[in-house]
Amino acid sequence: MTQPIPTISLPTGETIPVLGQGTWTIADRPGRRAEAVTALRVGLDAGMTLIDTAEMYGDGASEELVGEAVAGRRDEAFLVSKVYPHNAGRRSAIAACERSLARLKVECLDLYLLHWRGSIPLAETVAAFERLKADGKIRHWGVSNFGLDDMQELIGEGGGAVAVNQVLYNCGRRGIEFDLMPWLAQRGIPVMAYSPIEQGKLPRHPVLSAIAARHTGATAAQVALAFTLRQGGVVAIPQMATPAHVAENRPAADL
171 MTQPIPTISL PTGETIPVLG QGTWTIADRP GRRAEAVTAL RVGLDAGMTL IDTAEMYGDG
231 ASEELVGEAV AGRRDEAFLV SKVYPHNAGR RSAIAACERS LARLKVECLD LYLLHWRGSI
291 PLAETVAAFE RLKADGKIRH WGVSNFGLDD MQELIGEGGG AVAVNQVLYN CGRRGIEFDL
351 MPWLAQRGIP VMAYSPIEQG KLPRHPVLSA IAARHTGATA AQVALAFTLR QGGVVAIPQM
411 ATPAHVAENR PAADL
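Here my numbering = 1-based position in the sequence shown + 170.
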């Protein structure tokens with residue numbers, strides 16, 4: 171019997187599921203839009219309530235698709251979006267967030283991330299994020315693609331409320347295990363792992379296939395996802411563009 175998806179805690183104590191739904195290229199094929207919307211809804215049904223998107227994805231089209239998928243089910247979803255670095259200024263981040271909210275057709279984001287570091291000072295972005303929190307437009311904020319030096323600087327610039335760091339992490343790309351991951355773990359800041367199956371490449375790896383063969387009914391994709399979750403403190407967000415993706419990825423949380 172499938173068990174409820176395990177959860178991990180944000181620094182505030184709020185819990186989120188360790189397996190969520192990514193939407194990077196989900197809106198790139200208009201002819202399959204209905205299938206993608208269905209997939210996200212099936213994922214919600216399966217307990218993968220965290221849905222990650224960004225203003226960059228499809229130039230806003232991904233946010234619009236996610237908004238369609240969560241219509242009437244907003245209370246079930248933990249919505250994550252990201253702001254471009256060039257939009258991360260004191261005023262521009264607020265305007266960008268408002269545009270994302272409009273595309274998603276929601277009043278508040280659960281988590282808002284700086285997509286990667288740019289030229290705008292971190293202190294200015296933190297100030298904008300804190301203003302968005304105070305105004306009730308986001309509940310938590312975090313960063314993406316930050317290395318250890320970036321995180322240390324962020325904390326020094328008043329960013330102690332950072333909730334997550336979303337980075338590339340999978341069993342073929344383990345560099346964060348040496349410095350960044352332990353640093354985050356010591357502070358109770360979760361890792362959000364994007365490309366946890368390397369955009370579909372890892373399931374073709376013979377080692378993963380061999381491991382999967384030792385687990386009845388398991389697939390190489392599930393093994394790859396389970397690897398990212400093995401130590402705790404990590405949320406994986408594989409793309410869920412079809413109901414078949416959901417059906418294959420969901421059991422990884424039980425493996």
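Yeah, the Cβ is synthetic: ideal placement off N, Cα and C, and Gly gets one too.
Boundaries (first-last residue) of the beta strand (DSSP E) holding residue i
i: residue 270; result: It is not in any beta strand (DSSP E) - residue 270 instead sits in the alpha helix (DSSP H) that spans 262–274.
i: residue 410; result: Careful: residue 410 lies outside any beta strand (DSSP E) and carries neither H nor E.
i: residue 361; result: 361–364
i: residue 220; result: 220–222
Limits of the alpha helix (DSSP H) - the one that residue i falls within
i: residue 303; result: 292–304
i: residue 381; result: 376–383
i: residue 316; result: No alpha helix (DSSP H) holds residue 316; DSSP gives it neither H nor E.
i: residue 351; result: 350–356
i: residue 393; result: 390–399
i: residue 210; result: 203–215
Cut-off 6 Å between Cβ atoms - residues of its own chain near residue i, not counting five sequence neighbours on either side
i: residue 311; result: 282 and 299
Inter-residue Cα distance where the pair is residue i and residue j
i: residue 417; j: residue 223; result: 20 Å
i: residue 414; j: residue 278; result: 30 Å
i: residue 348; j: residue 422; result: 24 Å
i: residue 343; j: residue 399; result: 14 Å
i: residue 391; j: residue 407; result: 13 Å
i: residue 244; j: residue 383; result: 39 Å
i: residue 242; j: residue 361; result: 29 Å
i: residue 234; j: residue 364; result: 20 Å
i: residue 113; j: residue 370; result: Residue numbering for the chain in the displayed model covers 171 to 425; residue 113 lies beyond these limits and cannot be assessed.
i: residue 313; j: residue 302; result: 15 Å
i: residue 308; j: residue 280; result: 6 Å
i: residue 252; j: residue 276; result: 15 Å
i: residue 240; j: residue 273; result: 12 Å
Beta-carbon proximity list for residue i, same chain, < 7 Å, skipping 5 on both sides
i: residue 205; result: 412
i: residue 293; result: 327 and 328
i: residue 394; result: 340, 341, 366, 367, 372, 373 and 378
i: residue 214; result: 243, 246 and 247
i: residue 351; result: 361
Bridge-paired residues (DSSP) for residue i
i: residue 232; result: According to DSSP, residue 232 bridges with nothing at all.
i: residue 343; result: 340
i: residue 186; result: 178
i: residue 257; result: Answer is none; residue 257 lacks a bridge partner.
i: residue 251; result: 282
i: residue 335; result: 313 and 361
i: residue 308; result: 279
Whole-Å CB distance - residue i paired with residue j, under 8 Å assumed
i: residue 220; j: residue 173; result: With 8 Å as the limit, residue 220 and residue 173 do not qualify as a contact, their Cβ atoms being about 17 Å apart.
i: residue 320; j: residue 357; result: Wrong, their Cβ atoms sit about 14 Å apart, outside the cutoff.
i: residue 217; j: residue 175; result: 4 Å
Contacts around residue i, its chain only, beta-carbon distance under 8 Å, and the 5 residues preceding and following it disregarded
i: residue 261; result: 298
i: residue 197; result: 203, 206, 227, 228, 231, 232, 234 and 235
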